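K.L.:
Numbers in the working numbering are just positions in the sequence shown, counted from 1, shifted up by 203. Even glycine gets a Cβ: it sits at the ideal position worked out from N, Cα and C. Small disclaimer: the values here were computed from a predicted structure and weren't measured.
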Amino acid sequence: MAVNRCIKFFLFFFNLLFWISGCIILGASIYLKVSKDGNKITNMAAPSTDLLIATGAIIMVLGFLGCCGAIKENRCMLILFFTGLLLIFILLLAAGILGAVAEDKSKEWMKGELEKKLPLANQTEDVKSNLQALEVEWKCCGLINGPEDWGSPVPSSCNCKETAMCKEFDGTQVYKTPCAEFLTSFVKRNLTVVLGVAFAMAILMLFGMSFSMTLYCQISKRETSTA
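1. For the structure I just gave you, are there three or more beta carbon pairs, one from the stretch 217 to 227 and one from the stretch 267 to 274, closer than 8 Å?
2. By a C-beta neighbour count over all protein chains shown, 10 Å radius and 16 as the cutoff for buried, is residue 415 buried or exposed?
3. By the three-class DSSP mapping on this structure, what secondary structure does residue 239 have?
4. Alpha carbon to alpha carbon, how far is residue 217 from residue 347? Give it in angstroms, no decimals.
5. Using 8 Å as the threshold, is the stretch 377 to 393 in touch with the stretch 338 to 347, meaning 3 or more CB pairs across them?
6. My output table needs one value for residue 357: the three-state DSSP class, helix, strand or coil.
7. With distances taken between CB atoms, is the gap from residue 275 to residue 418 smaller than 7 Å?
8. Is residue 258 buried or exposed, if buried means 16 or more other CB atoms sit within 10 Å of its CB?
9. Does the stretch 355 to 373 come close enough to the stretch 402 to 415 to have 3 or more Cβ pairs within less than 8 Å?
10. Per DSSP, what are the beta-bridge partners of residue 378 in this structure?
11. Answer yes or no: do residue 292 and residue 405 have a C-beta to C-beta separation smaller than 7 Å?
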């Protein structure tokens, strides 16, 4: 009985933290979604905030089910919680495997999306300003081919003063490295963070599934013995 009570309260506090983490993920992803300061170029290369919103909402629902199931010792809620965790765990595992083996395909996809924006002179002003901000920050010029992507004239954001990073184009010293190379590194960093968070959540889910199933079995045995 004492063990049952210990597992029940441990599972309750575990799911309370799980629910709070879902609230944080949901709130942060909604803020990123509605923020007007996002850069369209990096948003295209970064993981979608829509996926984060869905993940946060699902975690909140599962955390609520787990809390209620643990404190009320409700077998239906516990089995729903266990099933939900199991499905998300399988999806995280599949996403991690696909992310690891499909890195080259993701690079090809990103390159294809960037090529659609060429020539840059035909793009809207917001896309141009977003790219120019990246050029100043990352010290690059153009997307795929370098300053040739802009044509003539090249914007001042490409102007280079560091000799080792410069080349001459249209009579001006500009950065010789296209921004696509930095975008690739940006995607790798984001992918590493996402995979790290997914791995940590997967470990927590294993603990959650173990405790929820243990409590479910103990409740079933107790109800069977008193029947």
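P.N.:
Taking the geometry as given:
1. yes
2. Position 212 of the sequence shown, counted from the start, is the residue given in the question as residue 415. It counts as buried.
3. As a position in the sequence shown, residue 239 is number 36, starting the count at 1. A caution first: residue 239 carries a pLDDT of 45, below 50, which makes its placement in the model unreliable, though a value can still be read off. DSSP places residue 239 in coil when its eight states are reduced to three.
4. Here residue 347 corresponds to residue number 144 of the sequence shown, with the count starting at 1. Here residue 217 corresponds to residue number 14 of the sequence shown, with the count starting at 1. One C-alpha to the other measures close to 48 Å.
5. yes
6. Counting from one through the sequence shown, the residue named residue 357 turns up at place 154. DSSP places residue 357 in coil when its eight states are reduced to three.
7. Taking the sequence shown and counting its residues from 1, one reaches residue 275 at position 72. Taking the sequence shown and counting its residues from 1, one reaches residue 418 at position 215. No, Cβ-Cβ distance for residue 275 and residue 418 is not below 7 Å.
8. Within the sequence shown, numbered from 1, the residue matching residue 258 stands at position 55. It counts as buried.
9. no
10. Counted from its first residue, the sequence shown places residue 378 at position 175. Its beta-bridge partners are 369.
11. Against the sequence shown, residue 292 aligns to sequence position 89. Against the sequence shown, residue 405 aligns to sequence position 202. Yes, the Cβ-Cβ distance between residue 292 and residue 405 is below 7 Å.
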